[in-house]
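Each step along the sequence shown adds one to the number in our numbering, with nothing skipped, and position 438 is 507.
Ideal placement from N, C-alpha and C gives every residue a C-beta, glycine not left out.
From a predicted model like this one, the values you see are computed outputs, not experimental measurements.
Shown next, in structure tokens, is the structure this report addresses.
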Amino acid sequence: MQTVTQSQLAITGALSSHRRRIAAISPKAFAQVYLAKHMRLKPSRMHEDLYGMLAGISTERGQRIAVAAPRGHAKSTVVSLAYILWSILYKHEQLVLIISGTKEQAALLLKNLKDEIQGNELLLEDFPDVCSKPGEIAGVGGRMPKPWRDNCILLRNGVMIRVLGSGQALRGVRHGPYRPSLIICDDLENQEHCESAEQRIKLRDWFEKTLLKAGDARTNVVVVGTVLHYDSLLANLTHEKLERGKSVGWDRRLYRAVEVYSERADLWDQWEAIRVGEKEFNGETGPIAAAAFYETNKALMLKGSQVLWPEQEDYLRLMQIRSDEGRLSFQSEKQNEPLDPERCLFREDSFHYWDNGFTEPMEMVRRIGQHCRIYGACDPSLGKNPNRGDYSAIVTVAKNLNDDSLYVLHADIARRKPEETINRIVQLAKVFNYRDFVVEGNQFQTVMVESLRQRAMAAGVSLHPRSMNSTANKQARIEGLEAYISSGRLKFSRCQTMLLEQLRQFPLGAHDDGPDALEMCISWCAERRVVTGGRTYGMW
């Protein structure tokens, strides 16, 4: 019996040594061995990048890393749990400083570390020289240990961890002869820190003049969080644009939950309209009807989309979050791209909507009657390779000749090839019976106009496509829409979410195809006049 017990102990010891050797390789290996309960999902590209960067700085000292991560993507699990545990158990660091937005947040991060050190069975078995259950007496060099506090713990191997809230005093933070060798800033900023320019400057000064001075030349600094404001500290650390006050010497990374949006933004606009009760699907509205619409069109709605961590939040889930929490919140919390409202031309309160009184565009067209003229415009947005799928915008606008009011009836913005764009225009022409249709002109798009004309004739559709060459600066042209929008002369449908989003983000957004096509329609109207019944109208 004694022999069996000794054999079991030998096997247990061998397994323990093997785990320690494997986990010592990297923070990722450590997490896989000892933190499996936190790693149930396949890691994302961001996690892999983080593990690689963090492993490298353990030997290459004096490094600075800044990472903007989407909310809910387990950045703290990787950085403030797995990496710190790996660093302290293998004694890569002597004094670790953890900073969060408030001291309560920082204390919670320390509690998560304590829970693993005192309650993780594998760590207790493999690192008995460091880890112990609550109440066990063991100190450094046989001395009685100092009691663990909410903001500071001293481990058996002599490593100390201290936590503070942002803005707290740091003068004289030491552990014996050691200054902080690793500084982790996890969600250093909260909404309060970003509310005013004064608060943002105050935090930035504290970060640069106090926190970064707490270490020495060998101190590693890791900043992770979510960009809450376009001029926040993290925005300045992670964005490369010069106007953001580019910080020198930082390895900067920025990740977005949605890496590539679906090619069929028009279907997602319909899905959201059904979900919030603005449209029907099979006679129903609301989330259940939207789910049925999604299942019917799933392949098309997901075409071309790419997300950062599909195992955690797939594209459908992210679109639900965007619909529930609003686009401004989504741009910040999930995309790390908060907008500067002072630099955006079209304000939220300047938009007027026609769907307060009408449920469908053709219902309004019938109400206007003989005084309605419908025109369309397309910005193909073709890149150097016209055969690849690129965003194109097809905008349909109606004008009431009685009062010169303008109505955006339909906005179709999607990633597609020229052939697909032509087919879509012909489909829309069957519905709206355009008085005229314009396409932004250049060498290739002139050929597209002729192809569109031939395709419409073959389909028996009345369509008169024209090429429109714009010599003025695009931004200046789109800015010309502001008077139409703010005065209420130009009205939209709330279902046109992609177009409205591009207008709200202009000129800072990644895409402006919709506003460009809309401006073409308005310009085409302004240049033409027609006499009807003794009165002169804009030709629509």
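| Check | Outcome |
| --- | --- |
| Measuring CB to CB, does Ala135 end up less than 7 angstroms from Val292? | yes |
| Following the continuous beta strand (DSSP E) through Arg396, name the residue where it begins and the one where it ends. | Careful: Arg396 lies outside any beta strand (DSSP E), inside the alpha helix (DSSP H) at 396-402. |
| From what residue to what residue does the alpha helix (DSSP H) around Ala359 run? | 356-371 |
| Quick check: what's the CA-CA separation for Ala467 versus Leu478? | 7 angstroms |
| What is the DSSP secondary structure of Ala137, reduced to helix, strand or coil? | strand |
| Under the three-state reduction of DSSP, which class applies to Ser265: helix, strand or coil? | coil |
| Check whether the Cβ atoms of Ile547 and Arg524 lie closer than 7 angstroms to each other. | no |
| As a quick exercise: from Val530, Arg504, Gln574, Val508, pick the residue whose alpha carbon is nearest that of Arg416. | Gln574 |
| Can you tell me where the alpha helix (DSSP H) holding His116 begins and where it ends? | 114-126 |
| Quick check on this structure: which residue in Thr307, Phe506, Cys254, Leu191 has the alpha carbon closest to the alpha carbon of Leu84? | Leu191 |
| Quick check on DSSP: helix, strand or coil for Tyr416? | Sequence inspection shows Arg at residue 416; the Tyr mentioned does not correspond to that position. DSSP places Arg416 in coil when its eight states are reduced to three. |
| Assess, as a yes-or-no matter, whether the segment 268-283 is touched by the segment 119-128 under the definition of 3 or more beta carbon pairs within less than 8 angstroms. | no |
| With which residues is Met388 paired in a DSSP beta bridge? | Looking at the DSSP assignment, Met388 forms no beta bridge with any residue, so it has no partner. |
| Identify the residues that DSSP records as bridge partners of Val376: which are they? | Val327 |
| Taking all protein chains shown into account, decide if Ile157 is buried (16 or more other Cβ within 10 angstroms of its Cβ) or exposed. | buried |
| Applying the criterion that 16 or more other CB atoms from any shown protein chain within 10 Å of the CB defines a buried residue, is Pro410 buried or exposed? | exposed |
| Could you name the residues of the same chain whose beta carbon sits closer than 7 angstroms to that of Leu306, not counting the 5 residues immediately before and after it, in chain order? | Ala135, Val292, Ser316, Trp319, Arg321 |
| For Val466, which three-state DSSP category applies? | strand |
| To the nearest angstrom, how far is it from the Cα of Asn405 to the Cα of Met388? | 16 angstroms |
| In whole angstroms, what separates the C-alpha of Met433 from that of Phe427? | 6 angstroms |
| Which first and last residues belong to the beta strand (DSSP E) in which Gly445 is found? | 441-448 |
| Over the uninterrupted alpha helix (DSSP H) stretch that includes Pro487, give me the two end residues. | 487-501 |
| Assuming Phe506 is part of the beta strand (DSSP E), what are its boundary residues? | 505-509 |
| State the CB to CB distance for the pair Val327 and Gly373, rounded to an integer number of angstroms; the pair is presumed to be in contact (CB under 8 angstroms). | With 8 angstroms as the limit, Val327 and Gly373 do not qualify as a contact, their Cβ atoms being about 11 angstroms apart. |
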